[in-house]
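Taking it in order: structure first as structure tokens, then the write-up.
In the numbering used here, the protein residues as written are 4 to 53.
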């Protein structure tokens, strides 16, 4: 396996791990941000307002 293929596989595994964690949080009733709230927070972070 090439280095590039290995790194691509590792990135895919990391994304799957994050997705599984989010699914478990949702299943366990952890409060989630709605899309608009998340975007507002990201924009504020990008502009140094948080």
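Every residue gets a Cβ at the ideal spot worked out from N, C-alpha and C, and that includes glycine.
Remember, predicted model here, so these are calculated numbers, not experimental data.
Measuring straight from C-alpha to C-alpha, what distance separates residue i and residue j?
{"i": "residue 27", "j": "residue 15", "result": "18 Å"}
{"i": "residue 36", "j": "residue 5", "result": "39 Å"}
{"i": "residue 42", "j": "residue 48", "result": "10 Å"}
{"i": "residue 23", "j": "residue 50", "result": "30 Å"}
{"i": "residue 13", "j": "residue 39", "result": "30 Å"}
{"i": "residue 9", "j": "residue 31", "result": "33 Å"}
So for residue i, helix, strand or coil by DSSP?
{"i": "residue 5", "result": "coil"}
{"i": "residue 35", "result": "coil"}
{"i": "residue 52", "result": "coil"}
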